[in-house]
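Here is the structure we will look at.
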Ligand code: PBG
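In my numbering, the protein residues as written are -18 to 308.
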């Protein structure tokens, strides 16, 4: 017997063979594009730490959303950026039907109908003057149950504005059950909850805070998960599924592929992962220095996130990838 008789390289010999045996697919339909719409913006404003990502005006949002849908992305996730003067302690501009997020949703729902899956970030941090994801109690701590009441009203307002998916991202206990009850009571039984289930207190959210003009001082460690913990993610996943989450999410993605794998192995519902602002910014910055190849790196990281078990990936490259894959 000649040695080596086991030759795994046989399956790597030509592009056609590699394509035949590839385990993991990366398709535009699996990708969701997060988008920012800013109140008062008359044109798209660049976000310095996220090259190529902008705070949209309503008009530029409509164009970019239509383009992304035409390119084949699986869905759009909308974030609102209010004017500074509209922020308050309870984040009321996030709930108002004429607030920027709900206006953006209504307009996209009217433009795009069921040709895409329209999603909304269901969280107060963009809208609070203190920048936390919930309302504060007298001692300045985020008040879990008072926050739930705000999330319920926010989710119902988003559903009324045409969101098909609400994405509670504040990591309050019981947020999925409360929102499910509230949506059902309002007649929105078909609205999907994509729960940010295992969301870590991560430095990778840094550029996002510029993207939404966050007012946060301090950190979110009393509600987002500790970076050191993996097992806790399974507990959060079990709770969210019990509470009625239709899709669960792990976030960030690349530094948490182990968590993603564990959650995907046991989840009875589809699993999403969010390639967050810091992951995007790092790759852009290295590419701008010609240290890496942006497109190759984006595709490799996204494929890795899919391989680790994500059915759906939220990524700022969603529309670009759709273009690259069709080239
Ligand atoms: C909270 C929210 C955040 C992100 C998505 N939803 C920020 C945070 O928790 O600080 C981060 C997304 C990203 O970094 O790309 N509304």
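Glycine included, C-beta positions come from ideal geometry on N, C-alpha and C.
Among the candidates 230, 81, 206 and 110, whose CA atom is the shortest distance from the CA of residue 254? 230
Please report the distance separating the alpha-carbon of residue 245 from that of residue 213. 14 Å
Taking a contact to mean a Cβ-Cβ separation below 9 Å, would you say residue 112 touches residue 129 in this structure? no
Would you call residue 298 buried or exposed, if buried means 16 or more other Cβ atoms sit within 10 Å of its Cβ? buried
According to DSSP, is residue -12 part of a helix, a strand, or is it coil? coil
Going straight from the alpha carbon of residue 143 to that of residue 96, what length do you get? 13 Å
Could you check how far apart the C-beta atoms of residue 185 and residue 233 are, in whole angstroms? I think they sit under 8 Å. 4 Å
Which same chain residues, not among the five before or five after residue 152, have their C-beta less than 6 Å away from its C-beta? 180, 204 and 205
Who pairs with residue 66 in a beta bridge, going by DSSP? For residue 66, which the question treats as bridged, DSSP gives no partner whatsoever.
Where do the ends of the alpha helix (DSSP H) carrying residue 9 lie? Counting along the chain, residue 9 falls outside any alpha helix (DSSP H), and DSSP gives it neither H nor E.
Coil, strand or helix - residue 206 by DSSP: strand
With a threshold of 7 Å on Cβ separation, who are the neighbours of residue 45 within its own chain once the five nearest residues in sequence on each side are excluded? 16 and 37
So, at 8 Å on beta carbons, what are the nonlocal neighbours of residue 226 in its own chain, with the 5 sequence-adjacent residues on each side left out? 157, 174, 175, 176, 178 and 250
Same chain, Cβ closer than 6 Å to residue 325, five either side skipped, listed in chain order: As displayed, the chain neither begins before -18 nor continues past 308, which places residue 325 out of reach and without an answer.
For ligand 1, is there a heavy atom less than 8 Å away from the beta-carbon of residue 276? no
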